[in-house]
Amino acid sequence: MAGLLALSVAAAFTGAAVYVSVAEQPARLTLDDKALLLEWQPSYKRGAAMQASIAAIACLLGLVAWWQAGSLAYLVGAVLIILPWPWTLIVMMATNKALSAMDAAAINPQARALIVRWGNMHLVRAALGVLATLAFLWGSHLT
Numbered sequence: 000m001a002g003l004l005a006l007s008v009a010a011a012f013t014g015a016a017v018y019v020s021v022a023e024q025p026a027r028l029t030l031d032d033k034a035l036l037l038e039w040q041p042s043y044k045r046g047a048a049m050q051a052s053i054a055a056i057a058c059l060l061g062l063v064a065w066w067q068a069g070s071l072a073y074l075v076g077a078v079l080i081i082l083p084w085p086w087t088l089i090v091m092m093a094t095n096k097a098l099s100a101m102d103a104a105a106i107n108p109q110a111r112a113l114i115v116r117w118g119n120m121h122l123v124r125a126a127l128g129v130l131a132t133l134a135f136l137w138g139s140h141l142t
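Anchor point for the sequence shown: position 60 equals 59 in numbering that gives the first Met the number 0, and the numbering is continuous, going up by one each time.
The structure is reproduced here in structure tokens:
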């Protein structure tokens, strides 16, 4: 049961991450520079809280499934789904902080370049979600 729950939660994480990459980010990049930052700031704040929570829950469920079933696939999935945390903290945080600290009411000529960079780095989180979901799917077929 924990394995199927891990799979479901990881799929939710992946769906949200892919949505950001294929729908939200391209749409936001059509906005003018001021509106672009104005949209990114609250979107990032809400999305980060949601995705971090989902990743933690999926990781915990994956670890429980690994403990219960003994399938290495669940351990792999648990590790992959939590990797967006260190990726964000180590690689993306400087960009996140710079964008979050900008005054959205002011002209920020560097905001667009940073948001494009952020979007490229976010693709790694989406890829990790896809890989974790596939690992959990593999684990669910082994047990």
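Heads up, the beta-carbon is just placed ideally off N, CA and C, and yes, glycines get one too.
Beta-carbon contacts of residue i that lie in its chain and below 7 Å, excluding the five residues immediately before and after
i	result
Ser139	Gly2, Leu3 and Leu6
Trp39	Arg27, Leu98 and Ile114
Val19	Gly46 and His121
Burial state of residue i, where buried means 16 or more other Cβ atoms lie within 10 Å
i	result
Arg124	buried
Thr132	buried
Leu90	A small correction: the amino acid at residue 90 is Val; Leu does not occupy that position in the sequence shown. Looking at its Cβ environment, which holds fewer than 16 other Cβ atoms inside 10 Å, Val90 is exposed.
Trp66	exposed
Gly76	buried
Ala64	buried
Ala22	exposed
Ala100	exposed
Leu60	buried
Ala9	buried
Cβ separation of residue i and residue j, assumed to be a contact under 8 Å, to the nearest whole Å
i	j	result
Leu82	Leu127	5 Å
Ile80	Ala105	So it is not a contact: roughly 37 Å between Cβ atoms.
Arg111	Leu35	6 Å
Asp31	Asn107	Contact doesn't hold; Cβ gap of about 11 Å is too wide.
Ala103	Leu37	4 Å
Cβ shell of residue i (< 6 Å), same chain only, five flanking positions each side left out
i	result
Gln24	Gly118
Trp137	Ala72
Report yes or no: do three or more beta-carbon pairs, one from the region 116-130 and one from the region 74-91, lie closer than 8 Å?
yes
Can we say the region 41-56 touches the region 10-17, given the rule of at least three CB pairs closer than 8 Å?
yes
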